[in-house]
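Same order as they appear, the protein sequences are chains B and W. Residue numbers for the first sequence follow this note's numbering, beginning at 1 and rising by one. Residue numbers for the second sequence follow this note's numbering, beginning at 1 and rising by one. Report on the structure given below.
Protein chains: 2
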Amino acid sequence: MSDQRSEAREGAATERAVRTQGDIIKVATAEFAANGYAGARVDEIAARTRTTKRMIYYYFGSKEGLYLAVLERVYAQIRQVERGIHIGELAPDAALRTIAEATYAHHTTHEAFIQLVSIENIHRAEHLRQSETILRENATAITLLEDVINRGVRAGMFRDDVDAVDVHMMISAYACFHVANRHTFAAIFDRDMLAPGLQDSHRRLIGDMVVATMTDRSAD
Amino acid sequence: MSDQRSEAREGAATERAVRTQGDIIKVATAEFAANGYAGARVDEIAARTRTTKRMIYYYFGSKEGLYLAVLERVYAQIRQVERGIHIGELAPDAALRTIAEATYAHHTTHEAFIQLVSIENIHRAEHLRQSETILRENATAITLLEDVINRGVRAGMFRDDVDAVDVHMMISAYACFHVANRHTFAAIFDRDMLAPGLQDSHRRLIGDMVVATMTDRSAD
DNA sequence: GTCTATATATCGATAGAC
DNA sequence: GTCTATCGATATATAGAC
C-alpha cells in the first residue's frame, strides 16, 4: 500500500518532471535559435520557464547539455516528417517533386531548426557530432531519394551522374536558404522570400528545378 | 621645411595606421566568422594582431563597430567579383551558366564571407541594415542577371515567370549551402561538399540546374 | 525538487602615463 | 598613437536551506 502510493507519487513526479524538461527545451530552442550558442542566456531561458535556473542545471548539467537536448529534439522532428512522406506508386519525376516540396514545406515552417543548423555549422558541428542518435537516424533521409532516383535512371528518365546525396543537397540548399538567409536577402533585395504570396510559386519552383535538372538530357 | 617634415611624418603615420586597421580587420574577420558575434573575443583579436586591444577601441570604437567594418569589407569583396564578370556576346544560356559558376567559385573560396552572412542572419541583419553602402551597392548584383534573363525570355529560350531575383536566389542557395552547411552535412552524410574531387562536377551541376530550370518548357 | 544567494570567471571597455 | 593595468558588468555554475 505504501509502495503503491510511493509509485503513484513517483509516477506523478516523473510525469511533471518530463513536462518541465519539455518546457525548458522549448524555451531554450527559441533562445538558442534567436541568439546563437554564445549569445543565448541561461538566465533568460530560466526567466521564461515556470522553473528556475537551478533546475536547468539539475536536469541538463550545463548550458551545452541543454543545447544538445535542443538539437536532438529538432532533428527528431524533421526525421518524423521524412518518415511521413509516402510516394506510393508515383512516377519518378512526380515522386521527386513530392519529396522536394515536402522538404520545402518543413523548412519554411520550422525556422528554429534552420537557425540551429546554421549555428551548429558556425561551430563546425562539434555538438552534433556528439549525438550518435542524430548521426545514425538522420542519414536515412536519403534512402527514399535513392529508391526514386534508381527507378528514374533505370527508366531512362533521369541522368545517372547525380546521386541521392547530390539531390538531397540541391533540395536542402534551396529550402534552407529561404529561411537561413531571409534577413540579409530582404535587406539587400527588398524581397521577403517567405512572404505568403510567394509560397506557392516558390514551392513549385523547387519541384521544377530538381525535376528539370534530373531529366535534362543535354547534361549527359 | 618643418611643414614638409610634418606632412611626411603624418603621411607615414596615416599609412601605417591604415595598414594597422587592415590588419585588425583581417584578424577580426576570422575571429567573428569562426565564433559568431557573441562568441568572438576582442582580447583574442588583439592578441593575434601586432597592436593592442586599446587600439581596436581607438580605431573602431566598439566590438560592434569592428564587426561592421568586417562586414563592409567582405561585402565589398564579392561586389568586386560581380563587377568582374563579363559575359560578352554569350548566348543567354551560356551567360547564365557563367554567372552561376562565378558565384559558386567565389563562395567556395570565401568561407568567412558565407559564415558572416549566416551570423548576420541569426541576428536578423540588424548590423547589415546599418550599412547604407552595402544595401546600395550590393543590390546591383542582379542587374547583369536581369539583362541575361530578359534576352533569354525575348528569344523564347527562357520561361518568363521566374525573375532575376529568383534566379539569384537559386544560385546563391546552392553556392551558400556548400560552405554554410558543410559541417553538419559532412557529419550526417559523410560527404565533404567542398572536397577537391567534387568541385568540377558541383560547378557543372549548378550550371545545369539553373539552365535546365529556365529552359524547362514543361513548367509554362 | 525547488528556492535564494553567491562564488567564480570572463568579457567589453577605459584610465592614464608616455 | 601606444602601452599596462584595471574597472564594472555580466555570464555560467553552485552552495545550502527547505
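Virtual Cβ for every residue (Gly too), placed ideally from N, Cα, C. For clarity, every value in this text was computed on a predicted model and none was experimentally measured.
Review point. Using a Cβ-Cβ cut-off of 8 Å (strictly less than) and excluding sequence neighbours within five positions of B:Arg73, which residues of its own chain qualify?
Key: For the purposes of this step, residue 73 of chain B is identified with residue 73 of the first sequence, where counting begins at 1. Around B:Arg73: Ile25, Thr29.
query: Residues of chain W with CB under 9 Å from B:Gln115, in chain order?
result: The residue given as residue 115 of chain B occupies position 115 in the first sequence. Within chain W, the residues near B:Gln115 are Asn121, Ile122.
Do you know how far the Cα of B:Phe189 is from the Cα of B:Met209? As a working note, residue 209 of chain B is residue 209 in the first sequence. As a working note, residue 189 of chain B is residue 189 in the first sequence. Answer to the nearest angstrom: the Cα atoms are 22 Å apart.
Query raised in the report: If you follow the alpha helix (DSSP H) that B:Val162 is part of, which residue opens it and which one closes it?
Result: Counting from 1 along the first sequence, the entry for residue 162 of chain B is found at position 162. Run containing B:Val162: none; DSSP gives neither H nor E here.
Q | Residue closest to W:Leu145, alpha-carbon to alpha-carbon, out of W:Phe158, W:Val165, W:Arg54 | A | Sequence index remark: in the second sequence, residue 145 of chain W carries index 145 (1-based). If we check each option's Cα against that of W:Leu145, W:Val165 comes out closest.
### Message
Let me check understanding here. Comparing Cα to Cα, which of W:Asn35, W:Tyr174, W:Pro92 lies closest to W:Gly226?
### Response
No answer is possible for residue 226 of chain W: the residues shown for chain W start at 1 and end at 220.
Determine whether the beta carbon atoms of W:His127 and W:Leu68 lie at a separation below 7 Å. Here residue 127 of chain W refers to the residue found at position 127 of the second sequence. Here residue 68 of chain W refers to the residue found at position 68 of the second sequence. Yes, the pair counts as a contact, with Cβ atoms nearer than the cut-off.
In terms of alpha-carbon separation, which member of W:Gln80, W:Val117, W:Glu137 lies closest to B:Arg182? Your numbering for residue 182 of chain B matches position 182 in the first sequence. Of the listed residues, the one whose Cα sits closest to B:Arg182 is W:Val117.
ask   = On the three-state DSSP scale, how would you describe B:His127?
value = Within the first sequence, numbered from 1, the residue matching residue 127 of chain B stands at position 127. Coil at B:His127, not helix or strand.
*asked:* Please classify B:Asp200 as buried or exposed, where buried requires at least 16 neighbouring CB atoms within 10 angstroms.
replied: The residue you call residue 200 of chain B lines up with position 200 of the first sequence. When all chains shown are included, B:Asp200 counts as exposed.
| said: Rounded to the nearest angstrom, what separates B:Asp3 and B:Thr14 at their Cα positions? | reply: Here residue 3 of chain B refers to the residue found at position 3 when the first sequence is read from its first residue. Here residue 14 of chain B refers to the residue found at position 14 when the first sequence is read from its first residue. Any reading at B:Asp3 needs caution, since the residue's pLDDT is 39, under 50, leaving its predicted position unreliable; the model's value is listed next. Approximately 16 Å between the Cα atoms of the pair.
In angstroms with no decimal places, state the Cα-to-Cα distance between W:Asp161 and W:His202.
Taking the first residue of the second sequence as 1, we reach residue 161 of chain W at position 161. Taking the first residue of the second sequence as 1, we reach residue 202 of chain W at position 202. Taking the straight line from one Cα to the other gives about 26 Å.
Where does B:Met193 fall in DSSP's three states? Here residue 193 of chain B corresponds to residue number 193 of the first sequence, with the count starting at 1. Coil.
Margin query: Please state whether the Cβ-Cβ distance between W:His107 and W:Ala175 is less than 7 Å.
Written below: The count along the second sequence starts at 1 and reaches residue 107 of chain W at position 107. The count along the second sequence starts at 1 and reaches residue 175 of chain W at position 175. Cβ distance < 7 Å, so W:His107 and W:Ala175 count as in contact.
*asked:* Just to check my reading of the structure: W:Phe177 and B:Ala173 have Cβ atoms closer than 8 Å, yes? What is that Cβ distance to the nearest angstrom?
replied: Here residue 177 of chain W refers to the residue found at position 177 when the second sequence is read from its first residue. Here residue 173 of chain B refers to the residue found at position 173 when the first sequence is read from its first residue. Indeed, because the Cβ distance is near 3 Å, the residues count as touching under 8 Å.
Task: Closest residue to B:Ile56 among B:Arg19, B:Ser218, B:Asn150, B:Arg136 (Cα-Cα distance) - done: Translated into positions along the first sequence, residue 56 of chain B becomes position 56. Looking at the Cα atoms, B:Arg19 is the closest of the given residues.
**Item:** Rounded straight-line distance, which links the Cα of W:His168 to that of W:Thr140
**Value:** In the second sequence, the residue the question calls residue 140 of chain W occupies position 140. In the second sequence, the residue the question calls residue 168 of chain W occupies position 168. Straight-line Cα distance between these residues: approximately 11 Å.
Is W:Val81 close to chain B? Criterion is C-beta to C-beta, closer than 7 Å. The residue labelled residue 81 of chain W in the question sits at position 81 within the second sequence. W:Val81 does not count as touching chain B.
C-beta neighbour in chain W for B:Arg9, strict 7 Å: Mapped onto the first sequence, residue 9 of chain B falls at position 9. Low per-residue confidence applies at B:Arg9: pLDDT is 45, beneath 50, and the placement is therefore not dependable enough to give any value.
Checklist entry - Between the C-alpha atoms of W:Arg9 and W:Ile119, what's the straight-line distance to the nearest angstrom? => result Indexing the second sequence from 1 puts residue 9 of chain W at position 9. Indexing the second sequence from 1 puts residue 119 of chain W at position 119. Low confidence applies here, because W:Arg9 scores a pLDDT of 45, under 50, leaving its location unreliable; read the following figure in that light. Approximately 40 Å, taken between the alpha carbons.
Considering only the beta carbon of each residue, do W:Ile206 and W:Ala102 sit closer than 7 Å? Translated into positions along the second sequence, residue 206 of chain W becomes position 206. Translated into positions along the second sequence, residue 102 of chain W becomes position 102. Cβ distance not < 7 Å, so W:Ile206 and W:Ala102 don't count as in contact.
Per DSSP, what kind of secondary structure is B:Asp216 in: helix, strand or coil?
-> The residue you call residue 216 of chain B lines up with position 216 of the first sequence. Three-state DSSP puts B:Asp216 in coil, outside helix and strand.
- Query: Between B:Asp23 and B:Ala34, what straight-line distance do the alpha-carbon atoms span, to the nearest angstrom?
  - Reply: As a first step, residue 23 of chain B is located in the first sequence; it is residue number 23 there, counting from the start. As a first step, residue 34 of chain B is located in the first sequence; it is residue number 34 there, counting from the start. Looking at the two C-alpha atoms, the distance is approximately 17 Å.
Answer yes or no: does any C-beta atom of chain W fall closer than 7 Å to that of B:Ile188?
Position 188 of the first sequence, counted from the first residue, corresponds to residue 188 of chain B. Output row for B:Ile188: interface = yes.
Members of the segment 131-162 of chain B that neighbour chain W once the beta carbon cut-off is set at 9 Å:
Ile134, Leu135, Asn138, Ala139, Ala141, Ile142, Arg159, Asp161, Val162
Neighbourhood of W:Glu82 by C-beta, 7 Å cutoff - its chain only, sequence neighbours within 5 removed:
On the second sequence, residue 82 of chain W is found 82 positions in, with the first residue counted as 1. Cβ neighbours of W:Glu82 beyond the five flanking positions: Ala141.
**Study point:** Enclosing alpha helix (DSSP H) for W:Thr110 [first to last residue]
**Key:** In the second sequence, the residue the question calls residue 110 of chain W occupies position 110. Strictly speaking, residue 110 of chain W in this sequence is His, with Thr absent from that position. Premise fails: W:His110 is in no alpha helix (DSSP H) and is neither H nor E.
Query - B:Ala212 vs W:Asp216 beta-carbon contact at 7 Å - result: In the first sequence, residue 212 of chain B corresponds to position 212, counting from 1. In the second sequence, residue 216 of chain W corresponds to position 216, counting from 1. Yes, they are a contact pair.
Query raised in the report: So which residues on chain W does B:Arg182 lean against when the C-beta distance must stay under 8 Å?
Result: Looking up residue 182 of chain B in the first sequence gives position 182. Per Cβ cutoff of 8 Å: Asn121.
Span of the alpha helix (DSSP H) holding W:Ala46?
Here the question's residue 46 of chain W lines up with position 46 in the second sequence. It spans 42-47 - the alpha helix (DSSP H) in which W:Ala46 sits, taken as one unbroken run.
### Chain-ordered chain B contacts of W:Val165 [CB-CB under 8 Å]
Position 165 of the second sequence, counting from 1, holds the residue named residue 165 of chain W. Simply Phe189, Arg191.
Residue interval of the alpha helix (DSSP H) (run including W:Ala69): Position 69 of the second sequence holds residue 69 of chain W. First-last of the alpha helix (DSSP H) with W:Ala69: 63-83.
Reducing DSSP to helix, strand and coil, say where B:Glu89 ends up. What you label residue 89 of chain B is simply residue 89 of the first sequence in a count that begins at 1. Three-state result, B:Glu89: coil.
Would you tell me roughly how many angstroms separate the C-alpha atoms of W:Ala187 and B:Gly84, rounded to the nearest one? Working through the second sequence from its first residue, we reach residue 187 of chain W at position 187. Working through the first sequence from its first residue, we reach residue 84 of chain B at position 84. Near 24 Å, if we compare the C-alpha coordinates of B:Gly84 and W:Ala187.
**Prompt:** Where do the ends of the alpha helix (DSSP H) carrying B:Thr133 lie?
**Reply:** Looking up residue 133 of chain B in the first sequence gives position 133. First-last of the alpha helix (DSSP H) with B:Thr133: 132-138.
Q) By how many angstroms is the C-alpha of W:His86 removed from the C-alpha of W:Val148? A) As a first step, residue 148 of chain W must be located in the second sequence, where it is residue number 148. As a first step, residue 86 of chain W must be located in the second sequence, where it is residue number 86. Cα to Cα, W:Val148 sits roughly 12 Å from W:His86.
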